[in-house]
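First the structure, in the form of structure tokens, and then the observations on it.
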Amino acid sequence: MKIKGYFLNLSEVAQMSNFEQYSGALFDLHGVIADTSKYHLQAWHQLATELGVEWTSTLAQSVVGMSRSDAVTAILHAGNLERQYSVQQQTALGDHKNEMYLKLIAHMSPADILPGVIDFLNDLQQHHFGIVLASASVNAPLEIQRMALESYFPLIVDPATLAHNKPAPDIYQQAAAMLNRSPQQCLGFEDSQTGLAALNAAGVISIGIGEEAEIATAQVKLPNTSALSLANIAQMIG
């Protein structure tokens, strides 16, 4: 691990900030591992347009990090259309959006991995952190495969098994349980208000990546994925 030109081992980092208590790393996917949020937003935008719902910045911000069904509900609510669609029809709308999304990511590859992510994942593995992907997207396993990241993410939470998705804490509680760790022993990585709300509610150390306004509720704030390192995080927690 390198910081300010020096190499640190994990025991030294632990002395800096009692960092040794953390041994799990729980990741969102979109905007944290890969820049695919734009494809999700493009597909949701297209669905809203088809429904005659005005696509605003507020609506776009609200659907980031949401499950498919919750995002459909948000779009219908924005257009006062909730009562016009049955549960089955809303599911069909979500499936239609997913079809559009899958077409957009058909050529996804390791080139879509954000800067610094591979180095950070290697850093985590070298220091024996358990790693879990905790994305609200049911497409997450496919995207991980297309980016050739399976060796880093053998554990992926299935959002279909959850009673409630983000911003509820369920997904991160389950991710921690998959590692046989408590949420308080884990670091969580998110780029949206919805995801950070889930981390904070679960009791996971929340690490926000991105613009200050979007990650204001994070306990640790990083401007971009290039800033990801255990040394940086240990110093900021300490």
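Using this note's numbering, read the sequence shown as starting at 1 and increasing by one per residue. Don't be surprised by glycine CBs; every beta carbon is placed ideally from N, CA and C.
Per DSSP, what kind of secondary structure is residue i in: helix, strand or coil?
| i | result |
| --- | --- |
| Leu133 | strand |
| Ser57 | helix |
| Lys221 | strand |
| His96 | helix |
| Met236 | helix |
| Lys2 | Summary for Lys2: the model assigns pLDDT 43, below 50, so the residue's position carries little reliability, and this model does not support an answer. |
| Ala213 | coil |
| Asn18 | coil |
| Ala227 | helix |
| His30 | strand |
| Glu156 | Contrary to the premise, residue 156 reads as Ile rather than Glu in this sequence. Reduced to three states, the DSSP call for Ile156 is strand. |
| Tyr85 | coil |
| Ala175 | helix |
| Val63 | helix |
| Leu149 | coil |
| Leu162 | coil |
Would residue i and residue j qualify as a contact pair, given that the criterion is a beta-carbon distance under 8 Å?
| i | j | result |
| --- | --- | --- |
| Ala207 | Leu230 | Correcting the residue type first, residue 207 is Ile in the shown sequence and not Ala. Contact flag unset, no. |
| His40 | Tyr85 | no |
| Leu179 | Gly130 | yes |
| Leu26 | Val132 | yes |
| Ala241 | Ala134 | Not covered by the structure: residue 241. The range shown for the chain is 1 to 238. |
| Met66 | Thr225 | no |
| Pro115 | Ala148 | no |
| Ala168 | Phe19 | no |
| Glu212 | Ser192 | no |
| Asp35 | Asp112 | yes |
| Leu104 | Gln61 | no |
| Ser23 | His107 | no |
Can you give me the start and stop residues for the alpha helix (DSSP H) that residue i sits inside?
| i | result |
| --- | --- |
| Leu41 | 37-51 |
| Phe120 | 117-126 |
| Asp112 | First-last for Asp112: undefined, no H or E at that position. |
| Thr194 | 193-202 |
| Pro141 | 140-146 |
| Thr73 | 68-78 |
Assuming residue i and residue j make a contact with CB atoms under 8 Å, what is their CB distance in whole Å?
| i | j | result |
| --- | --- | --- |
| Leu59 | Ile33 | Rounded, the Cβ-Cβ distance is 25 Å, inconsistent with contact. |
| Ile205 | Ile237 | 7 Å |
| His30 | Ser37 | 4 Å |
| Asn165 | Ala136 | 5 Å |
| Leu47 | Gly79 | Not quite, the Cβ-Cβ distance comes to about 11 Å (not below 8 Å), so this is no contact. |
Output the boundary residues of the beta strand (DSSP E) element that contains residue i.
| i | result |
| --- | --- |
| Phe189 | 186-190 |
| Leu179 | Note, Leu179: premise wrong, no beta strand (DSSP E); not H, not E. |
| Ala25 | 24-27 |
| Ile209 | 205-209 |
Quiz item: When the Cβ atoms of the segment 177-197 are set against those of the segment 78-98, are three or more pairs found closer than 8 Å?
Solution: Contact between the segment 177-197 and the segment 78-98 is not established, with fewer than three Cβ pairs separated by less than 8 Å.
Quiz item: Would you call the segment 159-167 and the segment 119-127 in contact, with 3 or more CB pairs under 8 Å?
Solution: Contact fails: fewer than three Cβ-Cβ distances are below 8 Å.
Practice problem: Count the C-beta pairs between the segment 40-55 and the segment 197-215 that are closer than 8 Å, then say yes if the count reaches three, no if not. | Solution: No: fewer than three Cβ pairs fall under 8 Å.
Quiz prompt | Three CB pairs or more closer than 8 Å across the segment 140-147 and the segment 164-184 | solution = Per the Cβ contact rule, the segment 140-147 is not in contact with the segment 164-184 (fewer than 3 Cβ pairs under 8 Å).
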